[in-house]
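Residue numbers (our numbering): 125 to 346.
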C-alpha cells in the first residue's frame, strides 16, 4: 500500500476509516451468546464455566439447538462487518483492490474488538475464534483452509478447542503473508488480530500447560 496515496486523500480518507471502525465494532458487539443466554434463557452465560461469552462456553453450559443461533450470530456479524467495510471503501474512498483489502482487515480488527469487548455488555465478550475464522473465509479461501484445517485437525485429535484456537490465531498472519498480502499495513493488522486472539486465550494456555484444560464434549444438556 502506497502511504503517499493515503496521505493525499487526507480527510477524505479519515471519515470513511472512522465510519468503518464504528460500524464494524458495533457489529462485533452483537454477541449471540450473551443475547441468547441473558434475554432468552434468562441465565447469563458469563456466570457459568469459564465466564466467557463465546460459542464453546455456551455449548458446554446450555447445549441444545440455541447453540446454532449463537453460531450464526458470530458468523453473520463478521460477514456484515467485512461487507460494510468493503462497501464504504468502494463508495467513499476508491474502488481499488488494495484499498478494499485494507478496509476488510480494518473492519476485521474492529469487529473482533467489539466481539471481545462489547460496550453494551460491560466490555466482557467472547474470544473471537468463530468470528475470526469467518473473517479468514471472507479474505481468502487459502487463508481459510490453513486456519480452519489446522484448527479442526487439532480440535478433533485432542478435543481441546483452545489448542486449535491458538493455532488458528498464530496461522492467521502467516497465511496472510503467504496468500493475501505482504503489505506492511495489512501484515500489522494480521499480526494484531493473531496476538489479540492468543491473548484472549491466555488462561486456556495456562490450563493447557498444567493439564487442567477442559476437553470438548458433545453430551446432551438437560
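We put the beta carbon where it would ideally sit given N, CA and C, even for glycine.
Could you spell out the range, first to last residue, of the alpha helix (DSSP H) harbouring residue i?
{"i": "residue 313", "result": "308-324"}
{"i": "residue 176", "result": "Careful: residue 176 lies outside any alpha helix (DSSP H) and carries neither H nor E."}
{"i": "residue 222", "result": "221-240"}
{"i": "residue 204", "result": "190-212"}
{"i": "residue 265", "result": "265-282"}
Is the separation between the beta-carbon of residue i and that of residue j shorter than 7 Å?
{"i": "residue 197", "j": "residue 256", "result": "no"}
{"i": "residue 153", "j": "residue 204", "result": "no"}
{"i": "residue 266", "j": "residue 296", "result": "no"}
{"i": "residue 194", "j": "residue 146", "result": "no"}
{"i": "residue 271", "j": "residue 322", "result": "no"}
{"i": "residue 286", "j": "residue 239", "result": "no"}
{"i": "residue 231", "j": "residue 209", "result": "yes"}
{"i": "residue 279", "j": "residue 288", "result": "yes"}
Let me know the secondary structure DSSP gives residue i once reduced to three states.
{"i": "residue 291", "result": "helix"}
{"i": "residue 218", "result": "coil"}
{"i": "residue 138", "result": "helix"}
{"i": "residue 339", "result": "coil"}
{"i": "residue 182", "result": "helix"}
{"i": "residue 155", "result": "coil"}
{"i": "residue 353", "result": "Not covered by the structure: residue 353. The range shown for the chain is 125 to 346."}
{"i": "residue 286", "result": "helix"}
{"i": "residue 333", "result": "helix"}
{"i": "residue 165", "result": "coil"}
{"i": "residue 67", "result": "This structure does not reach residue 67, given that the chain is present from 125 up to 346, and the question cannot be answered."}
{"i": "residue 299", "result": "helix"}
{"i": "residue 257", "result": "helix"}
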